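Enquirer: If you read the sequence shown in the numbering used here, its first letter stands for residue 4, the second for the next number, and so on. Think of the CB as a built atom: it goes at the ideal place given N, C-alpha and C, for glycine as much as any other residue. Here the structure is a predicted model, which means the values were calculated and not measured.
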Amino acid sequence: MRIRLSDRLEQAEELDRVVEPVQQVVRKLPPGRVRDALHGVWLGHPVHPVLVQVPVGAWLSAAFLDTVGNEDGARHLIGLGLLASAPAAVAGWADWSEQHEQQMRTGVVHAAANSAAITLYTGSLVARARQRTGLGKALGYAGLAAVALASMLGGDISYRQAGGANHAEEVPHLVTPGWQDLMPLADLTQGEPARAMLGEVPVVAVRDGQEVHVLANKCSHMSGPLNEGTLSDGELTGDRTDRCVTCPWHGSVFRLRDGAVVHGPATADQPVFQTRIQEGIVQVCLPGAG
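1. Under the three-state reduction of DSSP, which class applies to residue 24: helix, strand or coil?
2. Applying the 10 Å Cβ sphere with the 16-neighbour rule, what's the burial state of residue 121?
3. From residue 103 to residue 222, what distance separates their C-alpha atoms?
4. Could you tell me whether the stretch 161-168 touches the stretch 38-57, using the rule of 3 or more Cβ pairs below 8 angstroms?
5. How far does the beta strand (DSSP E) with residue 277 in it reach, from first residue to last?
6. For a test of the three-state rule: what should DSSP assign to residue 224, helix, strand or coil?
7. Applying the criterion that 16 or more other CB atoms from any shown protein chain within 10 Å of the CB defines a buried residue, is residue 276 buried or exposed?
8. Enumerated in chain order, which unbroken segments of the alpha helix (DSSP H) with a length of 4 residues or greater are wholly contained in the stretch 14-80?
9. Let me check one thing: in DSSP terms, what residues is residue 197 bridge-paired to?
10. Count the other C-beta atoms from every protein chain shown that fall within 10 angstroms of the C-beta of residue 155, then say buried if there are 16 or more, exposed otherwise.
11. In whole angstroms, what separates the C-alpha of residue 182 from that of residue 292?
12. Among residues of its own chain, excluding the 5 on either side of residue 193, which ones have a beta-carbon nearer than 6 angstroms to its beta-carbon?
13. Drop a sphere of 10 angstroms on the beta-carbon of residue 286, count the other beta-carbons inside from all chains shown, and report buried for 16 or more, exposed for fewer.
14. Name the one or two DSSP bridge partners that residue 187 has.
15. In the DSSP assignment, find the alpha helix (DSSP H) that holds residue 176 and state where it starts and stops.
16. Do residue 101 and residue 216 have their C-beta atoms closer together than 8 angstroms?
17. How is residue 11 classed by DSSP in three states: helix, strand or coil?
18. If we ignore side chains and look at the alpha-carbon of each, how far apart do residue 77 and residue 62 end up?
19. Just checking, does the stretch 105-112 make contact with the stretch 11-31 on the three C-beta pairs under 8 angstroms criterion?
20. Could you tell me how far apart the beta carbons of residue 230 and residue 274 are, in whole angstroms, since I believe they sit closer than 8 angstroms?
21. In this structure, does DSSP put residue 241 in helix, strand or coil?
22. Rounding to the nearest angstrom, what Cα-Cα distance links residue 21 and residue 157 in this structure?
23. Would you report the Cα separation of residue 202 and residue 184, rounded to the nearest angstrom?
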């Protein structure tokens with residue numbers, strides 16, 4: 004059986020000695036608007052992959068310009084990449100701190116490779132400033148190799164380990180279209196989240212006064228069970244204060260009324276069902292299902 008580098012990193016428990024203290028430092032940034040912005044709540048998906056396009060693109064272009072002999076252009080692009088790497092790194096650390104242990108183990112090596120790249124590119128600029136062009140080019144090419152390794156590991160976290168993916172995306176494709184019986188209304192206790200199954204899809208139902216709210220139960224961030232979460236009053240919307248549910252795993256907050264993300268680390272809204280009561284039975288319908 005083929006053993007990938009990423010497999011070894013995921014299983015490397017010795018990396019936890021680095022993961023745990025770094026995670027504690029990163030989590031000192033409190034939940035709120037800044038942290039939500041770094042996660043990409045405003046964008047609807049993680050912002051880190053967007054931000055990394057600038058430094059990676061700049062450094063790859065710098066290597067090409069070095070190859071064709073345009074050292075001045077390469078120097079400017081290396082500087083641009085270094086400037087752009089700062090916000091990309093901050094957003095990446097914010098996402099990393101709310102992932103599971105296998106992702107975080109791979110992530111610290113991903114970050115180490117990026118740090119090596121930044122160091123090499125800084126050295127490249129210093130060498131060029133001292134008229135040591137050959138050394139500057141060599142350090143630049145080495146920096147690009149480090150970026151390539153970091154990009155490979157970042158892709159592994161994103162695609163193979165599903166870091167940053169919408170873990171509730173499959174729900175509309177698994178639910179049968181139209182209205183369906185879910186559960187007796189009498190089985191719901193006022194203000195207490197209850198787990199129920201709609202076919203093969205777990206949902207969370209909340210009785211709130213005369214309303215029943217039903218959302219997909221698996222948190223879109225990392226599949227946390229929302230039925231084990233806590234209910235709270237969210238932000239004032241118009242003339243009403245909307246009730247929200249907080250994921251017990253990483254603290255993502257979703258509005259019950261429409262499944263919208265109120266606070267990250269989740270960036271994708273939670274699928275929310277239409278509800279009605281027929282002869283004491285809660286019935287649900289998911290728009291766009293099928």
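Expert: According to the data block:
1. helix
2. buried
3. 14 angstroms
4. yes
5. 275-281
6. coil
7. buried
8. 19-29, 36-42, 51-54, 56-71
9. 208
10. exposed
11. 11 angstroms
12. 210
13. buried
14. 284
15. 174-177
16. no
17. helix
18. 8 angstroms
19. yes
20. The pair is not a contact, with the Cβ atoms about 15 angstroms apart (cut-off 8 angstroms).
21. Low local confidence applies: a pLDDT of 48 at residue 241 is under 50, so the model's placement there is unreliable, with the coordinate-based value given in what follows. Correct three-state label for residue 241: coil.
22. 18 angstroms
23. 10 angstroms
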